[in-house]
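One structure is given here, and the rest of the page talks about it.
Number of protein chains: 2
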Amino acid sequence: MTGKVFFSVTMTLDGYIAPESSPDDIDALRRGETTPSLKHWMAQWSRLQGWAFGQRFTRQNLKLGEGGKEGRDNAILEQTFHRTGASVMGKRMFDAGEVAWPEEAPFHTPVYVVTHEVREPWERLGGTTFNFVNDGIESALKQARKAAGERDVRIAGGADMILQYLNAGLVDEFSIALAPVFFGRGVSLFDGIDAEKVTIHQTGTESSSKVTHLNYAVVRK
Amino acid sequence: MTGKVFFSVTMTLDGYIAPESSPDDIDALRRGETTPSLKHWMAQWSRLQGWAFGQRFTRQNLKLGEGGKEGRDNAILEQTFHRTGASVMGKRMFDAGEVAWPEEAPFHTPVYVVTHEVREPWERLGGTTFNFVNDGIESALKQARKAAGERDVRIAGGADMILQYLNAGLVDEFSIALAPVFFGRGVSLFDGIDAEKVTIHQTGTESSSKVTHLNYAVVRK
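Residue numbers (our numbering), protein chains in the order written: chain A, 1 to 221; chain B, 1 to 221.
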């Protein structure tokens, strides 16, 4: 019995899961500077992720302190966390996260980073270990599955990575928190999807006051 | 007391409200031919609109005969129809519809077509009259409001027309039936939205087995 492969993201109504960013933004973040461009990015990110920021789970997981909301949004964040036995992510997501996550990175499981960079595993406080995989997405998934055991593997992001797994037929199910927000441009989730190949059906929808949680299963052919 | 201005469309999860089409497709439709391209278009359209086709209201309104489903999807289609006192549409939607709608066109109210074409009103059986408006979207809306009285004005489509009204701040609310379908390409609903200007909030979500009905209000600034 192995777990499922899934992804879970927040998306704007016009289809973006992150604002556009430039390498300069990550450099600024690394230097601890707040450029206008970075400030704009953070403001957009807050509009998108605002529903999650105030939740008890998010505060706890990012070490922001006690308290926070405890309704369905919070329960959904908790469920997503607890089902995840390992995560897979792309190099760009890791690069941005490396300078943004707290020392106790918010995964608390093994993470497999698909990259050309050869690098020793990087252990963080609290149980997160970043492993750098150089031989492609299937290898990364295989390692993540093994590490996850009976729990599920989350394709954490970014959009490129999610789409690679989706188009390769390697995703079982996914959930989207659809935010009532427009970006106009940004990192599109589904731009490049292989529509001939990926067939889905709805498995449930749930609305909080802030977002709509959409759940889908990928149909096996 | 005047009615609201709204739109109501079915959208794929990757953001399209219609498959791509070419002028050749409309020509083929006009000649009553079924080209491979038109066949593909119809197949995609059916995947998108399939949730509505089997409903009692749709069958009745398109003169497809008795019967059909009568659950929430059907009730939502009926509500949308009954609230509408007049519709506004773009020239391309009219051109395609002119050759595709039954003689008793499915609007049963005045329809205002925004176009450069100068043409006398075109009356159809069953109460639909197409009026051709040559002086822009605000004029078309003004005429539609007047015709609708206390009922609402629907911006029927296509995507261009909807976006023009949305970006001009002339839409009060909208609903999207989000279909678990990917097109990969097609007529995007929100590509070109003025994200700085259009702010929305959720007013309700409801899921049937086939689609998720998303409802939003545009925030007045």
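Think of the CB as a built atom: it goes at the ideal place given N, C-alpha and C, for glycine as much as any other residue.
Taking C-beta atoms as the reference points, residue 154(B) and residue 8(B) count as a pair closer than 8 Å. For residue 61(B), the uninterrupted alpha helix (DSSP H) segment begins and ends at 56–61.
In the three-state reduction of the DSSP assignment, residue 88(A) falls in the strand class. The three-state secondary structure of residue 119(A), taken from DSSP, is coil. By the neighbour-count definition (other C-beta atoms within 10 Å, threshold 16), residue 24(A) is an exposed residue. Excluding the 5 residues flanking it on each side, residue 140(A) has same chain C-beta neighbours closer than 7 Å at 88, 112, 114 and 133, in chain order. For residue 149(A) and residue 4(A), the gap between their C-alpha atoms comes out near 10 Å.
When DSSP states are grouped into helix, strand and coil, residue 179(A) belongs to the strand group. Here residue 124(A) is near residue 105(A), since their CB atoms are less than 8 Å apart.
Here the alpha carbon of residue 120(B) sits roughly 25 Å from the alpha carbon of residue 62(B). Within the same chain, 58 come within 8 Å of residue 64(B) by CB-CB distance, once the 5 residues on both sides are set aside. In this structure, residue 126(A) sits away from residue 15(B), with a CB-CB distance that is not shorter than 8 Å.
Restricting attention to 167(A), 188(A) and 181(A), the CA atom closest to the CA of residue 194(A) is found in 167(A). Residues of the same chain with a CB within less than 7 Å of the CB of residue 176(A), apart from the 5 flanking positions on each side, are 9, 11 and 214 in chain order. In this structure, DSSP gives residue 153(B) an extended state, which the three-state scheme calls strand. By the 16-neighbour rule on beta-carbons within 10 angstroms, residue 202(B) is buried. Per DSSP, reduced to three states, the secondary structure at residue 109(B) is coil, with no helix or strand assignment.
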